[in-house]
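Residue numbers (our numbering), protein chains in the order written: chain A, 1 to 481; chain B, 482 to 792.
Idealized CB from N, CA, C, for every residue including glycine.
Small disclaimer: the values here were computed from a predicted structure and weren't measured.
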């Protein structure tokens, strides 16, 4: 066991953990902003209650994304100082831009949104949540552009043992980034969609149990307490299905880029050992579709797809002796978990859209969400998170043994002055802390979902009128919590 | 101005902004349990930083991100050399952020107490450690690090207490003013000890490089002014004085770090290439006014004093 091994485990654990919360922040933020926009435009009470209900879940989760994100920015310098010195000129720029252009926007306007409910004009308050979620999505772009550069370095030259940026535009419009950003961001919307569906499914089931004599009306505008769930269910179904289509399309584009740029990762993802013309693809072990991998990788059923062993021989000739193959079983399995779990969630959303579609010909009540499907939504909650995690494992373990493809090996990236004991201590601290906080977050989320939305407030206008200032001068601290 | 000099100044500005803004956040986080009686007053105290603490913390993220981009070797050298203190800083920032965001979303008093503990410890750890870390960097001496840590902790307490007095009314304000006076009784002697305890400085070095000393002395003068203005109940001016004191401390630190921010590493050696620095300069010039504008506007929106909840 070396410091390198523990540093890799620490980076893997903290990054996977961070990226459980981030996709939910990205997708759920837009969802909440959409609900508030609906309230702003229609004035209907239940949109406000939904905004606050999902907003609270969003904020519980947001805190975790923020605090675990700080660790990410520091870790490069702490554990990977050789990497940081080599890449900082290129890789540091998107990180600095992320802080300046995205994080300030996100954190400042979210603070305004949380505390500004009765202090800002309604329109400005709505703009605040949109500014915050634009910040979240922008931050995803910058960090993913930085990450894409590690896999497909562009816009740089190596001088004096360090990468030097020559073209920021090339870094920001890296073909790998342009495929990866929509893939991951749309994946985040699938995660958020799966989360909202699970939450709504749980609420609908709970409210049906509490009122077993009649099915819960999901009709828009129906008077029952649970009628409010139709909108978020339908919206989340549409969001998940559309985002799923984007994930599939950009995933296909990413596969073609792998074929050109990172053939070793593609070979490992399929477990292909030798260069093969007309390579087959097995979506699940045991089932093999002839020529499909060649078709997916190069739009040509007869194309040659590279194999790990042939690539290993070639890399050893180019870069010197060494093992240039990633951990093939992990990459192979991650690829399948990503596809199968991701598609399952999207398929559930398409099924849900069909089963709750509006009646066109025959006037009558809207179709109810079947209880079995609501239960399926709840049970499917882990799937999009697992698919997202598996996608990252495929992407980053598949990149090994490089930190920067073809330029810098992971073994040469680690901090030379940080010893095994130090990394062991930090790994223990972060793992313990993260474990406790994950349990606390789960308890908080479950508790708030179980409690349900707060009842509609009495129809009394807030003191002080439209601009939200009260006459007495001193303002109460109005926490949205 | 040459680009490496400019970017050193930008990074000094970002760190100093972080010290000034998050300095009172840390102080409020530590003082909240001491200046409030009961949940209403506790929320009143913490609500003074509620809307702004996260934006303030982005100053740190920006400072570190700018170091990574502009001086990779400084960024990597600093964070790997002070590995375990940085781990503790991060652990502190984690429990603090989660405590602040979750304390209003938990149900029981015991859970809120855990959140308050997280906020308190999570504020005290970075407040102490940043001071200790930079003092150690300057003097490479354990005692200097301890004095530096106690100084920055006490400075955050004073700065936070003055901010609380400025932003609250009623009993919380009265207690915050007493806390500010107590903190200045601690911070002034420690500050003088920190100044006089710098062993290696000779008169020749002083005259060769007077800026760190001038800034440090001005910082002490601003501290004394802050204490006096708090005594006289001039909350706004007292806050201006403590904020200036923190800013001048930052200026003293970074003028002392120039031109070698790490032992054996000059800014020129650590710097990124002229292309990267140039393009970041343009983007920064365009974006920074907006950032300062909307962050300033946030303080304007939440400018009024808070009262304790009556419910």
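Closer than 8 Å to chain B by CB, residue i
| i | result |
| --- | --- |
| residue 56 (chain A) | yes |
| residue 66 (chain A) | yes |
| residue 63 (chain A) | yes |
| residue 476 (chain A) | With a pLDDT of only 39 at residue 476 (chain A), under 50, the local geometry of the prediction cannot be trusted, and the value read off the model is given with reservation. So yes, residue 476 (chain A) belongs to the interface. |
| residue 1 (chain A) | no |
| residue 313 (chain A) | no |
| residue 60 (chain A) | yes |
| residue 334 (chain A) | no |
| residue 164 (chain A) | yes |
| residue 108 (chain A) | yes |
| residue 425 (chain A) | yes |
| residue 89 (chain A) | yes |
Short CB-CB distance (under 8 Å) between residue i and chain A
| i | result |
| --- | --- |
| residue 579 (chain B) | yes |
| residue 561 (chain B) | yes |
| residue 780 (chain B) | no |
| residue 586 (chain B) | yes |
| residue 483 (chain B) | no |
| residue 582 (chain B) | yes |
| residue 553 (chain B) | yes |
| residue 604 (chain B) | no |
| residue 492 (chain B) | no |
| residue 565 (chain B) | yes |
| residue 501 (chain B) | no |
| residue 680 (chain B) | Only weak support is given to the placement of residue 680 (chain B): the predicted model assigns it a pLDDT of 49, under 50, and the value that follows is read from those uncertain coordinates. So, not an interface residue. |
Alpha-carbon spacing of residue i relative to residue j, whole angstroms
| i | j | result |
| --- | --- | --- |
| residue 507 (chain B) | residue 182 (chain A) | 38 Å |
| residue 713 (chain B) | residue 752 (chain B) | 47 Å |
| residue 722 (chain B) | residue 421 (chain A) | 44 Å |
| residue 41 (chain A) | residue 189 (chain A) | 23 Å |
| residue 607 (chain B) | residue 8 (chain A) | 26 Å |
| residue 642 (chain B) | residue 590 (chain B) | 25 Å |
| residue 28 (chain A) | residue 195 (chain A) | 8 Å |
| residue 192 (chain A) | residue 56 (chain A) | 14 Å |
| residue 370 (chain A) | residue 377 (chain A) | 11 Å |
| residue 526 (chain B) | residue 547 (chain B) | 33 Å |
| residue 293 (chain A) | residue 305 (chain A) | 8 Å |
| residue 412 (chain A) | residue 79 (chain A) | 12 Å |
| residue 58 (chain A) | residue 207 (chain A) | 22 Å |
| residue 612 (chain B) | residue 501 (chain B) | 13 Å |
| residue 403 (chain A) | residue 263 (chain A) | 16 Å |
| residue 11 (chain A) | residue 75 (chain A) | 8 Å |
| residue 693 (chain B) | residue 314 (chain A) | 57 Å |
| residue 793 (chain B) | residue 285 (chain A) | The first residue shown for chain B is 482 and the last is 792, placing residue 793 (chain B) beyond what the model contains. |
| residue 275 (chain A) | residue 383 (chain A) | 33 Å |
| residue 724 (chain B) | residue 429 (chain A) | 34 Å |
| residue 781 (chain B) | residue 644 (chain B) | 15 Å |
| residue 488 (chain B) | residue 749 (chain B) | 11 Å |
Own chain partners of residue i with C-beta closer than 7 Å, once the 5 adjacent residues on each side are dropped
| i | result |
| --- | --- |
| residue 743 (chain B) | 555, 558 and 559 |
| residue 51 (chain A) | 32, 35, 36 and 39 |
| residue 125 (chain A) | 113, 116 and 117 |
| residue 246 (chain A) | 182 and 186 |
Own chain partners of residue i with C-beta closer than 8 Å, once the 5 adjacent residues on each side are dropped
| i | result |
| --- | --- |
| residue 18 (chain A) | 65, 68, 69, 71 and 72 |
| residue 746 (chain B) | 554, 555 and 558 |
| residue 373 (chain A) | 201, 348, 351, 352 and 355 |
| residue 255 (chain A) | 266, 296 and 297 |
Close beta carbons around residue i, own chain, < 6 Å, minus the five adjacent residues each side
| i | result |
| --- | --- |
| residue 732 (chain B) | 696 |
| residue 180 (chain A) | 144 and 148 |
| residue 172 (chain A) | 145 |
| residue 680 (chain B) | Per-residue confidence for residue 680 (chain B) stands at a pLDDT of 49, beneath the threshold of 50, marking its modelled position as unreliable; no derived number is given. |
If contact means a Cβ-Cβ distance below 7 Å, which residues of the stretch 508 to 536 of chain B contact chain A? For the stretch 508 to 536 of chain B, the set of positions with a beta-carbon nearer than 7 Å to some beta-carbon of chain A reads 524, 525, 528, 531, 532, 533, 535 and 536 in chain order.
Positions along the stretch 736 to 764 of chain B whose CB lies within less than 8 Å of some CB in chain A: 753, 754, 756, 757, 760, 761 and 764
Scan the stretch 369 to 450 of chain A and note each continuous beta strand (DSSP E) run of 3 residues or more that stays entirely inside, going in chain order. 402 to 404
Complete alpha helix (DSSP H) runs within the stretch 700 to 773 of chain B (minimum length 4 residues, chain order): 716 to 738 and 748 to 751, all fully within the stretch 700 to 773 of chain B.
Residues, ordered as in the chain, of the stretch 70 to 84 of chain A that lie near chain B by beta-carbon distance below 9 Å: 70, 71, 73, 74, 75, 76, 77, 78, 79, 80, 81, 82, 83 and 84
Name, going along the chain, the residues of the stretch 611 to 630 of chain B whose beta-carbon falls closer than 8 Å to a beta-carbon of chain A. none
Interface residues of the stretch 143 to 154 of chain A facing chain B [CB-CB below 7 Å]: Those would be none; no residue qualifies.
What ranges does the alpha helix (DSSP H) occupy inside the stretch 155 to 233 of chain A, keeping only unbroken runs of at least 4 residues that lie completely in it? 168 to 172 and 175 to 210
Enumerate, from N- to C-terminal direction, the unbroken alpha helix (DSSP H) stretches of 4 or more residues contained entirely within the stretch 2 to 53 of chain A. DSSP runs (the alpha helix (DSSP H)) wholly in the stretch 2 to 53 of chain A: 3 to 42.
Members of the stretch 92 to 104 of chain A that neighbour chain B once the beta carbon cut-off is set at 9 Å: 92, 93, 94, 95, 96, 97, 98, 99, 100, 101, 103 and 104
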